[in-house]
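Read left to right, the sequence shown gives residues -20 to -1, 1 to 634 (mature numbering (1 follows the signal peptide of the UniProt record, and there is no 0)).
Quick reminder that beta carbons are idealized off the backbone N, C-alpha and C, glycines included.
Predicted model, so just to flag it, every value in this text is computed and none were measured.
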Amino acid sequence: MKRYLLTFLMVLLAIPFAKAQISFNSPLAGQQNDNPVEWTFSQEKLSDTEYLLIFKGKIAPKWHVYSQNNPKGGALPMVITYTTTEGIEMVGESQEEGLQKTFNDVFGVDELFFEKEIKITQKVKITDPNVKHIKGNIFCQACIDVCINLKEDFVFSLDGSAAQVEQKQIDSRSEDMAKQLEIPLKNKELIGKTEQESNWTVFLLGFLGGFIALLTPCVFPMIPLTVSFFTKQSKTRKKGIFNAFLYGFFILLIYVLLSIPFHFLDNIDPEILNNISTNVWLNVVFFVIFVIFAFSFFGFYEITLPSSWGNKMDNASNVGGMIGIFFMALTLAIVSFSCTGPILGSLLAGSLSSGGAIQLTLGMAGFGLSLALPFVLFALFPSWLNSLPKSGGWMTTAKVFLGFLELAFALKFLSNADLVQHWGLLKREVFVGLWFVLFALLTLYLFGLIRFPHDEPRKPLLQYSKGRLIIGVLSAAFSIYLLLGLFGKNSLRVLSGFPPPESYAFFPKEHKNDQIVFKDYYEGMAYAKEHNMPVMLDFTGWACVNCRKMEEHVWTDPQVKELMKKYVLISLYVDDKEELPKDKQFDFKHRNGRVEYIKTIGDKWATFQEVNFSSASQPYYVLLSPNTELLSTPVQYVDVETYKEWLRKGVKND
């Protein structure tokens, strides 16, 4: 019974770990002030009166920048403004090269964006021969896990002179208003640090995968055979234990080595691994592979590596010493592929789509360690071998169980592709409905009502083991949970991050937080001081995708909502285009000497964030006491558990 319960619990435990992977902190950690876009400007003379203006931008790896033609309702489009307006005429529309298109499930529109490189050209006609320079600026939004708004001035020199952007003089009124943006923060040393998700999460997920692999027919029978070989064939018990340790080490080493090529792939093009999570066809390929592996687990066919590989490794294992033991470990990895392959495939897809080659190596290390430990432990304590359950029908049941899980995860990859392309195949209700069918079928299987090719003959229900029946009951309960979620009776919070978002549904839902929200820092702080409450600053944007994801999937958690009510929430929108009153508009000189005219509400709060927190990304959350003391390290895009712990820490430190 214990072995069934452990299998089921390990898989269920893997779900929150898999979710945590996609919630790692932004790669911006420690480099908030870096500009993700480097611009160059040049011009090409077409005739005496016509020029082609060329805007080129080099985008940092993993970032993307939205097009001028990004549709309304999506992220903020790029805006090119010409401050030189007299004496020039635009000839036609500007041309953008290298655009990509993807469906944004949060905003519900097909968005246009650049990756790696921006190239925009604009043809202009000079109507006044005295015009020697064309000046202006570019506003754009660059995004990764967070989004930042960028503004860049440009000058095109039509006569070949090296013109510079004029440095604007700051008047005393602007200087005074700029000083008012800076607040007297205490504990400023916390700024610049990041709350990082531990990589132990990935390692533990791999370890759980290795544990599940141990229960399969390809690996489990090898434990007593291999341990007996080391203990009986070695001249001394000490030598046998040493060889078993060496065997376990080589198993761990082999699985770690399998991840090494991905490090070179990452170095060649850092985008490759990151794109796994959003690339349509890679997700479709993973879907197909998982379906193929699932039916292999069901027993309809066998997937193995070429038998010649195993035979060669087996022959090589007859060589004495360390080399022979290494090839014994390699033989195990090859002959067990039909059972470990689907689990490793899940680990590969999950690790690469969330973090990259480092996370894959950690996951592989956890998998290899889990697989190696039994061989070492049973060599140390050979009497334990007598307590091992004998191979039999329970192992076939474990494989079929994993087959159903493979199908469930396959649907997740197809869902990723569907969301990006907006095919409408797997809206939230369809996805949840299919999962309900899968786990209902699993329940019927565990109760002996349906069979697969390698199953034992059907038996009366009560003749099945208690463990199998208990897992069947748990599977039935989970099916009912899915069914209730399908009809809106619960929010499926346990599965948050697996089904499509609630906005991608036949009947989309809107999330609203019922607490009081201020949209002005000074008004919110006055309220906080009056009521002696801590403050949560929420630097956000109307067009911020990950801000909406946090609000939909993190802020809606019941415990998070209760914790947030202990704070005065101040949401500062950095992309708000509403103009400030004329007497509140002013010039602001940035650290790099660039002067920006603070004209809109968004300009003000974006500058406020940069001045006080050296950050230009959204979402960005800060906890303050009423006396402007930082209560903890600011966080960005994180998972529910991390956010809850962060909120609790702030209340405790207030």
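Distance check between F277 and each of G228, L387, E169 and A345 places L387 closest, using alpha-carbon atoms only.
Using a Cβ-Cβ distance cut-off of 8 Å, the segment 543 to 558 and the segment 513 to 528 are in contact, since at least three pairs of beta carbons, one from each stretch, lie closer than that value. Straight-line measurement puts the Cα of Y502 at about 17 Å from the Cα of D563.
Contact check between the segment 30 to 43 and the segment 94 to 113: three or more CB pairs, one atom from each, fall below 8 Å, which counts as touching. Collapsing the DSSP output to three states places F419 in a helix. DSSP, read as helix, strand or coil, puts H434 in coil. Contact between the segment 86 to 97 and the segment 35 to 46 is present, with at least three C-beta pairs closer than 8 Å. Annotation for G54: no alpha helix (DSSP H) segment contains it, and DSSP assigns it neither H nor E. In the assembly as shown, R438 is an exposed residue. Its beta-carbon has fewer than 16 other beta-carbons within 10 Å. Residue pairing for G37: DSSP places it in a beta bridge opposite W19 and I98.
By the Cβ criterion, the segment 261 to 271 is not in contact with the segment 407 to 427, since fewer than three pairs of Cβ atoms, one from each stretch, lie closer than 8 Å.
Between G190 and L351 a beta carbon distance of about 4 Å is seen, short of the 8 Å cut, so the two are scored as contacting. Excluding sequence positions up to five before and after I305, its CB lies within less than 8 Å of the CB of N223, L226, Y227, F230 and S297, all in the same chain and listed in chain order.
As the crow flies, the alpha-carbon of H533 is around 10 Å from that of N526. Using a Cβ distance threshold of 8 Å, I34 and V17 do not count as a contacting pair. A residue is called buried when at least 16 other Cβ atoms come within 10 angstroms of its Cβ; D139 does not meet this threshold and is exposed. By the 16-neighbour rule on beta-carbons within 10 angstroms, N512 is exposed. With 16 or more other Cβ atoms inside 10 Å of its own Cβ, N592 counts as buried. Shown here for F187: same chain residues with a beta carbon closer than 8 Å to its own, the five before and five after excluded, namely G346, F347, L349 and S350 in chain order.
DSSP links C120 through a beta bridge to L130.
Around R628, the same chain offers L543 as residues with beta carbons nearer than 7 Å, after the five sequence neighbours per side are excluded. Going by DSSP, E77 is part of no alpha helix (DSSP H) but of the beta strand (DSSP E) stretching over I68 to E77. For V45, the enclosing beta strand (DSSP E) has its first and last residue at H44 to Y46.
Note: F83 is bridge-paired with D90 in the DSSP secondary-structure output.
Note on E482: 16 or more other CB atoms within 10 angstroms of its CB, so buried under the neighbour-count rule.
Check the Cα spacing between Y281 and each of I60, P538, V356 and K379: the tightest is with K379. For V59, the CB contacts under 8 Å within the same chain, skipping 5 residues up- and downstream, are Q48, I118, F119 and C120 in chain order. Between the beta-carbon of L549 and that of L170 there is about 20 Å, and that puts the pair past the 8 Å contact cut. DSSP, read as helix, strand or coil, puts S455 in helix. Between the C-alpha atoms of Q589 and L312 there is a straight-line separation of about 56 Å. When DSSP assignments are scanned along the segment 580 to 624, the uninterrupted stretches of alpha helix (DSSP H) that are 4 or more residues long and fall wholly within it turn out to be 581 to 593. Collapsing the DSSP output to three states places F347 in a helix.
Taking the C-beta atoms as reference points, P514 is found nearer than 8 Å to G630. With a threshold of 16 other beta carbon atoms within 10 Å, I303 falls short and is exposed. Pairing N15 with I338, the inter-Cα distance amounts to about 25 Å.
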